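Novice: Mind having a look at this structure? Questions to follow.
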Amino acid sequence: MAVNFNQSPNTELTENLVAYLERNFVGAGLRKSDVRDFVYTNFTSRKHAANKSQAKKKSDNARNRRSSREKEHLKRRKTTYQSNKTAIDDEMKRDCSGLIIEEAMSVGESDDGTSPHVSYSGLHLCRPGWRSDEYNHFITLVDNKVVADLGLNSHQLLSRAFDETIEGPVPDAIASQFPQWALRNGP
Numbered sequence: 001m002a003v004n005f006n007q008s009p010n011t012e013l014t015e016n017l018v019a020y021l022e023r024n025f026v027g028a029g030l031r032k033s034d035v036r037d038f039v040y041t042n043f044t045s046r047k048h049a050a051n052k053s054q055a056k057k058k059s060d061n062a063r064n065r066r067s068s069r070e071k072e073h074l075k076r077r078k079t080t081y082q083s084n085k086t087a088i089d090d091e092m093k094r095d096c097s098g099l100i101i102e103e104a105m106s107v108g109e110s111d112d113g114t115s116p117h118v119s120y121s122g123l124h125l126c127r128p129g130w131r132s133d134e135y136n137h138f139i140t141l142v143d144n145k146v147v148a149d150l151g152l153n154s155h156q157l158l159s160r161a162f163d164e165t166i167e168g169p170v171p172d173a174i175a176s177q178f179p180q181w182a183l184r185n186g187p
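Residue numbers in the sequence shown follow UniProt numbering, run continuously in steps of one, and reach 187 at the last position.
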């Protein structure tokens with residue numbers, strides 16, 4: 001049974017909650033309308049979450065986890081490159097500043113852990129076909145430094161396996177930023 005925000009018994013509960021919050025927070029940098037907005041937003045988001053099916057919740061959680069993991073790995077790569085810039089640039093024999101951007105990274109899916117033959121989770125990645133072998137080597141160097149920097153905590157990273165190469169054009173954001181050596185067939 002769904003009860004809306006402006007229907008009884010929620011109306012009485014809402015009025016009591018808003019009155020309590022207004023007494024405690026209005027004047028401390030919040031307006032009455034802000035308190036009412038917070039209560040309404042909280043109610044509607046909780047109602048929306050309660051109405052979601054288990055399958056939808058599971059798929060949303062998986063997508064959010066995957067996105068969070070990708071952002072965290074990109075952040076680790078950038079930090080690691082900055083702290084090991086000299087060593088990486090020396091090994092690559094060129095300045096690689098500005099080459100770790102989200103659009104250039106591999107895309108992939110993680111195992112969902114439901115396979116009885118898989119005892120761990122891993123990422124199955126697809127490399128963009130426009131990336132040169134040199135650029136792929138650069139990414140591998142940075143990833144190896146990430147693992148080395150994590151030390152004993154490197155077990156936190158999921159294993160990464162490159163399954164296939166996805167052919168396609170160089171994204172516009174990358175074509176204008178990247179040097180010629182990082183692109184397989186030029187922009």
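We put the beta carbon where it would ideally sit given N, CA and C, even for glycine. Predicted model only: the values in this text are computed from it and were never measured.
Out of curiosity, what's the CA-to-CA distance linking T114 and G27?
Specialist: At T114, the pLDDT of 42 sits below 50, so the modelled position is not reliable; the number obtained from the coordinates is stated separately. If I take the Cα positions, the gap works out to 52 Å.
Novice: Let me check understanding here. Comparing Cα to Cα, which of K75, A19, L21, D133 lies closest to T92?
Specialist: Here residue 92 turns out to be Met, not Thr, going by the sequence shown. Considering only alpha carbons, the answer is D133.
Novice: Answer with buried or exposed for F178, where buried requires no fewer than 16 other C-beta atoms within 10 angstroms of its C-beta.
Specialist: Classification for F178: buried.
Novice: In or out: A182 buried (at least 16 other Cβ within 10 Å) or exposed?
Specialist: A182 comes out buried.
Novice: How big is the Cα-Cα spacing for R69 and E12?
Specialist: C-alpha separation (whole angstroms): 42 Å.
Novice: With which residues is F162 paired in a DSSP beta bridge?
Specialist: For F162, which the question treats as bridged, DSSP gives the partners L125.
Novice: Please report the straight-line C-alpha distance between A50 and Q82, rounded to a whole angstrom.
Specialist: Rounded to whole angstroms, A50 to Q82 spans 44 Å at the Cα level.
Novice: What are the start and end residues of the alpha helix (DSSP H) that includes F43?
Specialist: From DSSP, the alpha helix (DSSP H) with F43 extends over 32–51.
Novice: Helix, strand or coil for R76, going by three-state DSSP, please let me know.
Specialist: Three-state DSSP puts R76 in a helix.
Novice: Run the CB neighbour count on A175, radius 10 Å, all protein chains shown included, and call it buried at 16 or more, exposed below.
Specialist: Classification for A175: exposed.
Novice: List the residues that DSSP assigns as beta-bridge partners of L183.
Specialist: Note: L183 sits in a beta bridge opposite R131.
Novice: Keeping to the same chain, check which residues put their C-beta closer than 6 Å to that of P116; ignore five residues upstream and five downstream.
Specialist: For P116, the predicted model reports a pLDDT of 43, less than 50, meaning its position is unreliable and no value from the coordinates is stated.
Novice: Measure how close the beta-carbons of N146 and T80 come, nearest whole angstrom, since I'm counting them as under 8 Å.
Specialist: First, the amino acid is wrong: residue 146 is Val here, not Asn. Yes, V146 and T80 are in contact; Cβ-Cβ is about 5 Å, under 8 Å.
Novice: Quick one: is P128 buried, meaning 16 or more other Cβ sit within 10 Å of its Cβ, or exposed?
Specialist: Burial call: buried.
Novice: With H, G and I counted as helix, E and B as strand and the rest as coil, what does DSSP make of V170?
Specialist: Residue state, collapsed to three classes: coil.
Novice: In whole angstroms, what separates the C-alpha of G151 from that of H137?
Specialist: In a straight line, the C-alpha of G151 is about 21 Å away from that of H137.
Novice: Would you check if the distance between the CB atom of R131 and the CB atom of R184 is smaller than 8 Å?
Specialist: In contact: R131 and R184 (Cβ atoms closer than 8 Å).
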